[in-house]
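Here is the structure we will look at, set down as structure tokens.
Numbering (this note's numbering), first residue to last: 2 to 101.
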């Protein structure tokens with residue numbers, strides 16, 4: 002048959018079953034810590050790495066590069082409002098001028 006959870010073969014030191022020694026309070030505390038960590042990580046990614054903070058930093062870097070004359074337009078840029086063709090002054094977003 003099956004071994005009962007309270008058997009000394011699988012339960013020792015006050016644990017119920019194998020690998021089950023954490024108290025219920027600790028389990029809830031760990032759940033809260035994990036959820037807070039996941040939420041903070043998600044917010045950081047959305048706001049700083051993919052959101053307005055990163056867009057502002059990319060725009061500032063592009064303006065600095067344009068002032069230095071070192072900016073090279075990229076066709077791989079996902080920010081269509083920032084993708085401009087410097088040579089023609091157009092803002093078509095695809096690197097071509099409106100006259101073409």
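Where a beta carbon is used, it is the ideal one built from N, C-alpha and C, also for glycine.
Whole-Å CB distance - residue i paired with residue j, under 8 Å assumed
i          : j         : result
residue 17 : residue 6 : 5 Å
(request) Would you mind listing the alpha helix (DSSP H) stretches within the region 48-76 that are 4+ residues and don't spill past its ends, in chain order? (result) Taking only runs of at least 4 residues, the alpha helix (DSSP H) segments lying wholly in the region 48-76 are 53-69.
(request) Taking only runs that begin and end inside the region 19-45, name each unbroken alpha helix (DSSP H) of 4 or more residues, in chain order. (result) Listed in chain order, they are 25-45.
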